[in-house]
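In this note's numbering, the protein residues as written are 20 to 351.
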């Protein structure tokens, strides 16, 4: 029964994703216009092909990466409140971007295309460095609680260094704010490729290692009794968590709540093992972020709302509703 529901949910997510991609290709700063109605307008087609379509697909990919990373984090730490930024990847990416902006001495939007790609690379390097620093501080992945505490400590310390950079270079504050609130407006075809490859790799590895998450859900002792090589499998899962988060953050900035809410929403719709949950959470994350981005483009057009603000409002509202439902049902 659950397998059939999971299949129906996957189909629904695929259809909803296709509809949102079509809608995203029709919404821009100039208003709403279906692509097939552009007729012989070469400028309109160029806008759709070079701006709207890659941004739409890239936003879905970023949401899928965050949803996937959130499902891995919640399974790995056996904590439904775990999110993709838990191991210091978000604060590391923010520090990497802040350091690059301070070194370049200007807004990234005034720089060349190569410089913007350099900032994305800095964000990815910073995210990976944050995860590696957490692993070093926790002395590996053997102890989940130590890893969790190390991630919190690294996040606080790296955020403090970012604040120090902002004080020393106040000219980067406005440009850095776009990264902190989430920004999908600069996503192009190259960014789509840079997210699609990590998404495929992380999904494949996480799906292959999903029995480890199923065993951990039954308890540490049970997982050990099954003869699983937990340290190696945990390290691989942490690597995929860092890769997925870093790839998304590098291209779209710090988007809040998608990685936390997507696995919750998928679990509330169908009860499945982690193998299916990881894939369903990825699809749910893509749908959530793309829907939020379309709203961000259209609500106050021709201006845009930061997509991270909308995801925080929508995701926070959903989690509050879930908490209220659990409280009414007598759950702790």
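Quick reminder that beta carbons are idealized off the backbone N, C-alpha and C, glycines included.
Pair within 7 angstroms by beta-carbon distance, residue i and residue j
| i | j | result |
| --- | --- | --- |
| residue 75 | residue 308 | no |
| residue 92 | residue 103 | yes |
| residue 13 | residue 116 | Because the chain spans 20 through 351 in this model, residue 13 falls outside it and cannot be assessed. |
| residue 281 | residue 89 | yes |
| residue 210 | residue 275 | no |
| residue 84 | residue 267 | yes |
| residue 36 | residue 272 | no |
| residue 121 | residue 188 | yes |
| residue 257 | residue 25 | no |
| residue 227 | residue 247 | no |
| residue 94 | residue 293 | yes |
| residue 110 | residue 177 | yes |
| residue 323 | residue 310 | no |
| residue 181 | residue 114 | yes |
| residue 338 | residue 28 | no |
| residue 302 | residue 32 | yes |
| residue 153 | residue 171 | no |
| residue 146 | residue 112 | yes |
Residue i in three-state terms, based on DSSP
| i | result |
| --- | --- |
| residue 289 | coil |
| residue 332 | helix |
| residue 206 | coil |
| residue 25 | helix |
| residue 274 | coil |
| residue 356 | Only positions 20 to 351 of the chain appear in this structure, which leaves residue 356 out of reach. |
| residue 344 | helix |
| residue 323 | coil |
| residue 193 | helix |
| residue 248 | coil |
| residue 101 | coil |
| residue 32 | helix |
| residue 159 | coil |
| residue 141 | helix |
| residue 178 | helix |
| residue 201 | coil |
| residue 107 | coil |
| residue 238 | coil |
| residue 128 | The predicted model places residue 128 with a pLDDT of 48, which falls under 50 and marks its position as unreliable; any figure quoted below should be read in that light. DSSP places residue 128 in helix when its eight states are reduced to three. |
| residue 318 | coil |
| residue 228 | coil |
| residue 2 | This structure gives no information on residue 2, because the portion of the chain shown stretches from 20 to 351. |
Among the options, the one whose alpha carbon lies nearest that of residue i
| i | options | result |
| --- | --- | --- |
| residue 107 | 248, 238, 262 | 262 |
| residue 277 | 336, 241, 290, 234 | 336 |
| residue 144 | 264, 243, 256, 221 | 264 |
| residue 96 | 329, 327, 250, 232 | 232 |
| residue 169 | 149, 241, 197 | 149 |
| residue 220 | 80, 181, 111, 21 | 80 |
| residue 167 | 67, 105, 27 | 105 |
| residue 317 | 287, 346, 45 | 45 |
| residue 192 | 329, 327, 119 | 119 |
| residue 162 | 329, 239, 197 | 239 |
| residue 40 | 138, 22, 71, 165 | 71 |
| residue 138 | 195, 346, 165 | 195 |
| residue 255 | 68, 159, 21 | 159 |
Rounded Cβ spacing between residue i and residue j (contact assumed at less than 8 angstroms)
| i | j | result |
| --- | --- | --- |
| residue 200 | residue 325 | 4 angstroms |
| residue 300 | residue 86 | 4 angstroms |
| residue 205 | residue 312 | Going by Cβ atoms, the distance from residue 205 to residue 312 rounds to 13 angstroms, so no, they are not a contact pair. |
| residue 207 | residue 73 | 5 angstroms |
| residue 224 | residue 259 | 5 angstroms |
| residue 229 | residue 297 | 6 angstroms |
| residue 279 | residue 334 | 7 angstroms |
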